[in-house]
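Worksheet: the structure to be examined is printed underneath.
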Amino acid sequence: MFYVIGALSVAYLLAYVYLALTAPRITPGDPIEIYRDPDAPNYSMNAPLARA
């Protein structure tokens, strides 16, 4: 049982290190790229207005 838990923890740590080293670098000032379907409906126009 200890070997299974140890193997899972090592696999988790290796996956974490791999993802941390291969992640795209984010630098301040770069635009955020958001991919959205241009034909998607605009739900923000249908939202009710909050009354104070």
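If you use my numbering, the sequence shown corresponds to residues 41 to 92, in order.
No residue lacks a Cβ here, since even glycine has one placed at the ideal position from N, Cα and C.
Since the model is a prediction, treat every value here as computed from it, not as a measurement.
Point to revise | Euclidean distance between Cα positions of valine 50 and threonine 62 | key: C-alpha separation (whole angstroms): 18 Å.
Check your understanding: Taking the alpha helix (DSSP H) that alanine 47 falls in, what are its first and last residues?
Key -> Alanine 47 -> alpha helix (DSSP H) spans 42-62.
Check your understanding: Would you report the Cα separation of isoleucine 45 and proline 78, rounded to the nearest angstrom?
Key -> Isoleucine 45 and proline 78: Cα-Cα distance of roughly 47 Å.
Check your understanding: Which same chain residues, not among the five before or five after leucine 53, have their C-beta less than 6 Å away from its C-beta?
Key -> Cβ neighbours of leucine 53 within its own chain (closer than 6 Å, five residues either side excluded): none.
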